[in-house]
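Take a look at the structure set out below.
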Amino acid sequence: MKLTKEFKQLEKSAVELTVTIAKKEVEEAYKNTLTAYTKNAQIPGFRKGHVPANVLERKYGDSIKADTIGTLIDQSFDEIFKEETDMRPLPYSQPTMDKAPELDMTKDLTYTVKYDVFPKVEIKNFSGITVKEPQVEITDADLNDELKAMQERNAMVIDKKDNTVAKDDIVTVDFFEVGEDGKEVAGTKRQDFVFTVGTGENLYKIDDEIVGMKKDETKEITKKFKKDYEDSDLAGKTVKLSVTVKAVKQRDLPALDDEFAQDCNEKYKTLQDMKDDIKRNMETAKNRRVREMKNNSLLEQLVEKNAFDIPASMLAAELDGRWRMMAQQFQTTPEQLEKMVTSSGQTKEAMLEQWTGDSEKMLKSRIIVDSLIRARNISVTPEEIEEQYKKIAEEGGMTVEEVKKHYEDPRAKEYIIDDTKENKLYDEIYKEVKVTKGDKVAFKDLFQNY
Numbered sequence: 001m002k003l004t005k006e007f008k009q010l011e012k013s014a015v016e017l018t019v020t021i022a023k024k025e026v027e028e029a030y031k032n033t034l035t036a037y038t039k040n041a042q043i044p045g046f047r048k049g050h051v052p053a054n055v056l057e058r059k060y061g062d063s064i065k066a067d068t069i070g071t072l073i074d075q076s077f078d079e080i081f082k083e084e085t086d087m088r089p090l091p092y093s094q095p096t097m098d099k100a101p102e103l104d105m106t107k108d109l110t111y112t113v114k115y116d117v118f119p120k121v122e123i124k125n126f127s128g129i130t131v132k133e134p135q136v137e138i139t140d141a142d143l144n145d146e147l148k149a150m151q152e153r154n155a156m157v158i159d160k161k162d163n164t165v166a167k168d169d170i171v172t173v174d175f176f177e178v179g180e181d182g183k184e185v186a187g188t189k190r191q192d193f194v195f196t197v198g199t200g201e202n203l204y205k206i207d208d209e210i211v212g213m214k215k216d217e218t219k220e221i222t223k224k225f226k227k228d229y230e231d232s233d234l235a236g237k238t239v240k241l242s243v244t245v246k247a248v249k250q251r252d253l254p255a256l257d258d259e260f261a262q263d264c265n266e267k268y269k270t271l272q273d274m275k276d277d278i279k280r281n282m283e284t285a286k287n288r289r290v291r292e293m294k295n296n297s298l299l300e301q302l303v304e305k306n307a308f309d310i311p312a313s314m315l316a317a318e319l320d321g322r323w324r325m326m327a328q329q330f331q332t333t334p335e336q337l338e339k340m341v342t343s344s345g346q347t348k349e350a351m352l353e354q355w356t357g358d359s360e361k362m363l364k365s366r367i368i369v370d371s372l373i374r375a376r377n378i379s380v381t382p383e384e385i386e387e388q389y390k391k392i393a394e395e396g397g398m399t400v401e402e403v404k405k406h407y408e409d410p411r412a413k414e415y416i417i418d419d420t421k422e423n424k425l426y427d428e429i430y431k432e433v434k435v436t437k438g439d440k441v442a443f444k445d446l447f448q449n450y
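Rendered as structure tokens:
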């Protein structure tokens, strides 16, 4: 197809494409469209396929012209983007026209469209970047915390023999606020409320006050709340409560021995086997999290040093994806979620606005990684994927065959290939930037807000 094209860069990684198609191509396309109409048109008084062209043009003139223009645009798109791969529209950015072109067989056909393209980012200079690597040591205390958590998950809840409330007991209580007249304040009564003492998982935070109480005992408690208390209805107030303990239970923790280990997982023969496996899993989790923190620090600095705009359609698609994911988490539809949000006094628009900053940073990070992988021609070999399978199997306590089966699906296989490419990229970059020892971080703090 004989045509000329001109790309004009706009803001936020958008482009304006102007295409001029030669008059000869326009004439040929019109003839082909007219021929197609002639073959298929059914008009009373004429046999199918024998309707004169002038009759068709009088009856379907506008449609023939519109179909011709559509064909020319489609064909020109195919030809242009076969060569200009970097200028292709994003999948979620449909080209738009401010003004539809007019078909005139005596002239060339010119049309202009606007659309978003993948941002072009050139990252060549890594000077001044310093990545601090958190220093994390897994202690015996960390291992014991994990063992205790496993004990608690496998514990039985039993009635406490002495019926006296202590920290970590599970209690059932009735309570209500007491007014100045000594009577129950309407709307404040709760019955059979259950919580674990010491967790603070109760509105009035009466954990310390009920320690020492016994089953069936009633006690009046006076609580003075600070002005910045989390519940605005109680902030700055003094409240008198009547609390009755109805049940006191405790967790019966299983003994930490070989039998406990075997009950947790049949692959363990001894308690030491389980401890070794837990320690290995903690080490794997630590290394993965530390590397993730390093990568995030690196990307934050690269985003700061390499300013570029996110295409509007890309950001809109990301926010829409987050909204739909939130709907799935609430087991509802996006439309129903919007109604739920509105009924709570918020708006969908306000929530999307709150998400915009983080979404932009995440998209910029992904774009930088993708751009660097392409710029450095990073690829992976089948042998490297095999090594990745082995690593996953070792870290997850699985066989290589089990791992391969998990990644049989083409999308899953694509994920592991992309992940391996990214790891190779980061390995290269860490040889070019300064990596220093960061602050000491406790293992239990490593996953906070994660």
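Numbering (the numbering used here), first residue to last: 1 to 450. Using N, Cα and C, we set each Cβ at its ideal position, and we do this for glycine too. From a predicted model like this one, the values you see are computed outputs, not experimental measurements.
(request) From the DSSP output, in three-state form, read off aspartate 263 for me. (result) helix
(request) Please state whether DSSP places leucine 271 in a helix, a strand or coil. (result) helix
(request) Take glutamate 292 as the anchor and find which of Lys132, Thr96, Thr20, Asp86 has the nearest alpha-carbon. (result) Lys132
(request) Provide the residue span of the alpha helix (DSSP H) that contains alanine 66, from first to last. (result) 53–83
(message) Only counting the same chain, and skipping five residues up and downstream in sequence, which positions put a Cβ closer than 8 Å to that of glutamine 336?
(response) Ala327
(message) Count Cβ pairs between the segment 15–24 and the segment 33–40 that sit closer than 8 Å; are there 3 or more?
(response) no
(message) At the level of alpha carbons, what is the spacing between glycine 397 and tryptophan 355?
(response) 37 Å
(request) Measure the CB-CB distance between leucine 234 and isoleucine 221 and report whether it falls below 7 Å. (result) no
(message) Using the Cβ count rule (16 or more neighbours within 10 Å means buried), how would you classify phenylalanine 46?
(response) exposed
(request) On a CA-only basis, which of Arg153, Glu201, Asn295 is nearest alanine 255? Give me that one, please. (result) Arg153
(request) Express the C-alpha separation of glutamate 395 and aspartate 370 in angstroms, rounding to a whole number. (result) 27 Å
(message) Just list the residues that DSSP pairs leucine 109 with in beta bridges.
(response) Ile21
(request) Name, in chain order, the residues that DSSP records as bridge partners for valine 131. (result) Val435
(request) Using 10 angstroms around the beta-carbon of tyrosine 415, count the other beta-carbons present and answer buried if the total reaches 16, otherwise exposed. (result) exposed
(request) Note down the Cα distance separating glutamate 402 from aspartate 276, rounded to an integer number of angstroms. (result) 22 Å
(request) Can you tell me which of Lys305, Asp168, Lys161 puts its alpha carbon nearest to the alpha carbon of isoleucine 123? (result) Lys305
(request) Please check the pair methionine 1 and glutamate 27, which I expect to be a contact at CB under 8 Å, by giving their CB distance rounded to whole angstroms. (result) Not really, about 13 Å apart at Cβ, beyond 8 Å.
(request) Please work out which residues of its chain come closer than 6 Å, Cβ to Cβ, to phenylalanine 195, disregarding the five sequence neighbours upstream and downstream, and give them in chain order. (result) Glu201, Asn202
(request) Rank Met282, Lys214, Thr139, Gly61 by C-alpha distance to the C-alpha of valine 171 and give the top, closest one. (result) Lys214
(message) According to DSSP, glutamine 250 sits in a beta bridge with which residue or residues?
(response) Ile158
(message) I'd like to know whether the C-beta atoms of phenylalanine 7 and methionine 87 end up nearer to each other than 7 Å.
(response) yes
(message) Check this for me: beta carbons of valine 400 and tyrosine 407, under 7 Å apart or not?
(response) no
(message) Does isoleucine 92 pass the burial test, meaning 16 or more other C-beta atoms within 10 Å, or should it be called exposed?
(response) Here residue 92 is tyrosine; the residue named in the question, isoleucine, does not match the sequence. Classification of tyrosine 92: exposed, given that the 10 Å Cβ count is below 16.
(request) Check alanine 166 in the structure and name its three-state DSSP category. (result) coil
(message) Within 10 Å of its beta-carbon, does proline 311 have 16 or more other beta-carbons around it, so buried, or fewer, so exposed?
(response) buried
(request) Pull up the distance between the alpha-carbon of glycine 345 and that of leucine 352, whole angstroms please. (result) 15 Å
(request) Consult DSSP for serine 232 and reduce its assignment to one of helix, strand or coil. (result) coil
(request) Taking 7 Å as the cut-off, decide whether the C-beta atoms of aspartate 108 and alanine 22 are in contact. (result) yes
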